Amino acid sequence: MTIRNLSKSYVLNGRPFPVLDRVSHHVAAGEVLAIVGASGSGKTTLLRVIAGLEAADDGAVLIDDSPVHGVGADRAVVFQEPRLLPWLTVLDNIAFPLENRGATRAEARERARHYVGLVGLADFADALPAQLSGGMAQRVGIARALAVKPEILLLDEPFGALDAMTKLTLQDELSRIWREEKVTMILVTHDLEEAVYLADRVLILPREKGDSTREITVDLPRPRSRSEPRFVQLRAALLAAFGLH
Ligand SMILES: Nc1ncnc2c1ncn2[C@@H]1O[C@H](COP(=O)(O)OP(=O)(O)OP(=O)(O)O)[C@@H](O)[C@H]1O
Ligand SMILES: [Mg+2]
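If you want it as structure tokens, here you go:
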């Protein structure tokens, strides 16, 4: 996937307010890209443009060399809250988008069963969303997105609302799932350690408009350890990019 010269402004108090200013990047198939930046730096906007939920003012998102216009089956989004349908079981929440895309009910449920197992919720297939913890609900959101077999999985702060322990567990799960499914992932996160733990490269959006984006390559083998020296070093480098220690 290629992001080419993407610009977008919103209108604020009657004046254009630039959010993305000629952002360019390439993501190879099967790669994990993390997008980090200060609050308001345009991370969600960039992800929504890639998803096709919003149009850019200028520039393009290219997948296999064709420009993206609107949402498509090649991209699936996991939001910060799982957005499950409360009246459907876990299994049917995962099966529902598959049926919408033309699978028979039996096919959809069979595939949903695979993904409910992949995220470790086989025993909860018949539970309703209200019976799940926040972390479990987020796993369902991930299973639902993966079940449509997207080329690119887009995640916007998927673990942002979870407690610290659950977050670490789900980071491990996402790392394992990525190794099993080999899907291209674009992960927006506030959490710099999470970026170093999961990504091949980290794209840093500028704080000041007009500054350019920066990038850090995470050349660590997987599975990763959060305490090994090279990991700690890369995390420090990323913190330093924000003027933090
Ligand atoms: N629909 C909208 N209309 C007007 N302005 C918007 C809209 N969506 C976002 N913005 C503005 O664009 C800027 C970037 O917002 P965005 O949500 O992309 O930031 P973010 O990096 O995801 O922030 P956070 O880390 O807080 O989630 C913000 O200043 C926000 O006020
Ligand atoms: Mg955001």
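So the sequence shown is numbered by this note's numbering: it starts at 1086 and just counts up by one. Virtual Cβ for every residue (Gly too), placed ideally from N, Cα, C. Quick caveat: nothing in here was measured; it's all calculated off a predicted structure.
Mark residue i as exposed unless 16 or more other C-beta atoms lie within 10 angstroms of its C-beta, in which case mark it buried.
| i | result |
| --- | --- |
| VAL1108 | buried |
| GLY1127 | buried |
| PHE1244 | buried |
| ARG1224 | buried |
| ASN1098 | exposed |
| ARG1229 | buried |
| MET1250 | exposed |
| LYS1252 | buried |
| ASP1241 | buried |
| THR1129 | buried |
| PRO1101 | exposed |
| ALA1113 | exposed |
| ALA1193 | buried |
| THR1189 | exposed |
| VAL1096 | exposed |
| ALA1191 | exposed |
Relative to the alpha-carbon of residue i, which residue among the options has its alpha-carbon at the smallest distance?
| i | options | result |
| --- | --- | --- |
| ALA1145 | LEU1239, VAL1317, GLU1184, SER1092 | SER1092 |
| GLY1328 | GLY1226, ALA1123, LEU1206 | ALA1123 |
| LEU1170 | ARG1196, VAL1204, LEU1131, LEU1217 | LEU1217 |
| THR1269 | GLY1219, ILE1289, ALA1161 | ALA1161 |
| GLU1293 | MET1086, ASP1106, PRO1101 | ASP1106 |
| LYS1234 | ALA1321, ASP1276, ALA1210, GLY1157 | GLY1157 |
| ASP1304 | PRO1291, LEU1323, THR1087, VAL1281 | VAL1281 |
| ALA1215 | ALA1207, LEU1173, GLU1242, VAL1204 | LEU1173 |
| GLY1125 | ALA1321, PRO1291, GLY1226 | PRO1291 |
| GLU1266 | HIS1199, THR1129, ARG1194, ILE1148 | HIS1199 |
| LEU1324 | THR1130, GLU1278, THR1189, PRO1103 | GLU1278 |
| ARG1168 | GLU1195, GLY1220, ARG1309 | GLY1220 |
| MET1086 | ARG1315, ASP1159, GLY1155 | ASP1159 |
| ARG1309 | LEU1206, GLY1295, ASP1257, HIS1275 | ASP1257 |
| LEU1203 | ILE1227, HIS1111, ALA1212 | ILE1227 |
Does the distance from the CB of residue i to the CB of residue j come in under 9 Å?
| i | j | result |
| --- | --- | --- |
| ASN1090 | ASP1150 | no |
| ARG1286 | ALA1119 | yes |
| ILE1271 | LEU1132 | yes |
| LEU1247 | LEU1255 | yes |
| ALA1140 | LEU1176 | no |
| ILE1179 | VAL1153 | no |
| ILE1289 | VAL1121 | yes |
| VAL1117 | LEU1231 | no |
So if DSSP puts residue i in a beta bridge, which residue, or which two residues, is it bridged to?
| i | result |
| --- | --- |
| VAL1162 | LEU1239 |
| LYS1294 | ASP1296 |
| ASP1143 | SER1092 |
| MET1250 | Answer is none; MET1250 lacks a bridge partner. |
| ALA1119 | LEU1272, VAL1287 |
| ARG1100 | LEU1097 |
| THR1302 | ARG1286 |
| ILE1135 | In DSSP, ILE1135 forms no bridge with anything. |
| SER1151 | ILE1148 |
| LEU1105 | LYS1093 |
| HIS1330 | DSSP, once it has assigned bridges, lists no residue as partnering HIS1330. |
Does the beta carbon of residue i sit closer than 9 Å to a beta carbon anywhere in chain C?
| i | result |
| --- | --- |
| LEU1277 | In summary, chain C is missing from the structure at hand, where a single protein chain is found. |
Cβ pair count under 8 Å reaching 3, the segment 1180–1196 against the segment 1249–1266:
no
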